[in-house]
Every structure is written in C-alpha cells, then in structure tokens.
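979 is the number of the first residue of the sequence shown in our numbering; add one for each residue after it.
Step one of this worksheet: look at the structure below.
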Amino acid sequence: MNYKIIKVLNNNSVLAQSFSGNQVVLMSKGIGYGKSKGDKIKDGEKYQKVFYILDSGQNINKLEKFGTEHEKMEAVTYKIVNVAEATLNFKNENFYKALIDHLTFAVERLQMSLPIKNPYIMEVSVLCQQEYAVAQIAAEIIKEQLNVEVGIEETSFIAMHIYAARKNKHIDTVMKNMRIINEVSQKAFKYAGKNAATLNYATADFILSISQLIKDAIAKKTIHTKLKGQICCCIPREWCFAQKIAEYVNNELDITLDEDYISLLALDVYKLIQL
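Here it is as structure tokens:
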C-alpha cells in the first residue's frame, strides 16, 4: 500500500493518507527526514512502519504537540546525559545524539498508546545493573518533565543506550550481543528445565558466564581448559549441546568458540542443570 504525506510531524513521524482515504500516522526512525507534504511512501520498502489510525480529536491534539515538544525533549535528554555521565564517570560525544533519536521515537510511541516491547529485560538486569539504576532516574525525569510513564521495557532500552555510550560501542552492536545472549540463554534454560521467565542465582550466573565467554571470543582471547578431554567424556550430552550453541554463536558473530570455549560452556550448562 502507498501513502501520501499530509504533514511531516518530525524526523520520526509523518501524518499520511492512504489511497483508500484513511489518515494514519507512520512512525519509524528517520521516516520524516527530508520529506515534504505530497511525498509518497511505499509500505515495506525502506522502513518498518507502525500505523495508528486517527479516530478522535484527542489523537489529533496529540499529533499537534509532537512538533512543539522538541525543545522539551532536548532539555530532558541533556539532563539524562549529564546525570548518566556524572554518575558513571564517563564522557561520550555521540551519546546525546543517539539518545535523543531513541527517546523522541519512544516517547511518541507511548504518547500514541503504542506498546514498547523489550525481550532483553532479564539480560539488562544482570549485565547493565549500574546503567539500569541510572535509567530508572531517567524514567523519573521523563515522567516529571513530559508526563510520560515509560515502564520497565523502555527503561531497559535506555539502560542499553547508557551502556553503549559508557563502553563506547554502537547501540546496534550492544543490541545484537544482547539478542545473541538472550537466544543462547533461552536455549540453555529450556535444555536445563529452568523457567526462562524467572531470574534467580542460576539463570543470572549463566547469563554472566555466556556474556563473558562471548566477550573473550570477540577479543580473540586464548583460553586453555586442561580437563576438556574429561569434560567431553563425563558430560557428553552437555558437550554436544554446547557444540550446537558454539556453532550458532560462531555464525552470528563470525568468531570461533573452539573446544576450550565449548568445554567451559558445557560446564556452565551442567552447573545450570544442577542448581
């Protein structure tokens, strides 16, 4: 389906009309950048769009606010950046731009009553504890200044942005690594018969361990597991499972988890089963 732009709300949102006559909001990062009234957007071509059918005056009033709240968003973002950098003692010149792009898009979604889903809440709670604590402060700032409740899903996304800035990594890299850790953990929890939705000592310990293994492999760190032959013989099922996990990680990150890494992973899986 094609859409014709009626009004560019900002870089991330446009008011458009379908060729059937329905007015919709198209929301996606960058969807309004460089666009003008009358331009056409093809469905599914360049953007992953979110559609919101306008059906009330209340929603139109929300739209009118989008273009006028940018200054507020700038002030809120600066405050969050300052709090994060002061609290965690880091500086990153790219942090503000990445965060304001994300927050603008997220807040607009929430103002339009569109849900935000984050599948990495458990991983963030384990791997980004300090960043999450600051993200909770950020959530309070957003609530106080913009009257928007962001919730745990968006708070976790903010924590990932803080983590990326603190570690001087691109947010896409952090998101990809979180996805891989999440998928490996979910597979392992299922194999070990653990409740994947419940964070406890065993699941948190496994998430920390697999995260460290991946970091070491990305850094091409050589490890030596003296008992790898015995591990393979004593826990063959866990070893085979670890091989499959290693193959998945190797393919996703173009790295090599060799037999030493596989041995440690097999031990982690075995320990997860026992706890």
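The beta-carbon is built from N, C-alpha and C at its ideal position, and this holds for glycine as well.
Counting C-beta pairs with one atom in each stretch, the segment 1165-1172 and the segment 1116-1128 have fewer than three that are closer than 8 Å, which means they do not touch. For Asn1229, the uninterrupted alpha helix (DSSP H) run begins and ends at 1214-1231, by DSSP.
Note on Asn980: under 16 other CB atoms within 10 angstroms of its CB, so exposed under the neighbour-count rule.
The three-state secondary structure of Ile983, taken from DSSP, is strand. In the DSSP assignment, the residues bridged to Asn988 are Ser991. Taking one beta carbon from each stretch, the segment 1222-1239 and the segment 1187-1196 have 3 or more pairs nearer than 8 Å; the two touch. Judged by their CB atoms, Lys1007 and Phe1083 are nearer to each other than the 8 Å cut-off.
The Cβ-Cβ distance between Ile983 and Ile1019 falls below 8 Å. Glu1101 is positioned such that its CB atom lies closer than 8 Å to that of Asn1160. Scanning Asp1017, Gln1108, Ile1140, Ser1091 for the CA closest to the CA of Leu1077 turns up Ile1140. Straight-line spacing of the CA atoms in Gly999 and Phe1219 works out to 54 Å.
Annotation for Leu993: Ile984, Lys985, Leu987, Gln1001, Val1003, Leu1041 place their beta carbon closer than 7 Å to its own, counting only its chain and skipping 5 residues before and after. In the structure shown, Ile1094 falls within a coil segment according to DSSP collapsed to helix, strand and coil. Listed in chain order, the non-local C-beta contacts of Ser1241 below 8 Å within the same chain comprise Thr1203, Leu1205, Lys1206, Ile1209, Cys1210, Trp1217, Ala1220, local neighbours out to five positions each way being set aside. Membership of Lys1193 in any beta strand (DSSP E) is not indicated; the residue belongs instead to the alpha helix (DSSP H) covering 1179-1196.
In this structure, DSSP gives Lys1204 a state outside helix and strand, which the three-state scheme calls coil. Phe1135 counts as buried, since no fewer than 16 other beta carbons sit within 10 angstroms of its beta carbon. Within 10 angstroms of the beta-carbon of Ile1201 lie fewer than 16 other beta-carbons, which makes it exposed. About 13 Å separates the CB atoms of Ile1185 and Val1247; that is not less than 8 Å, and the two are not in contact.
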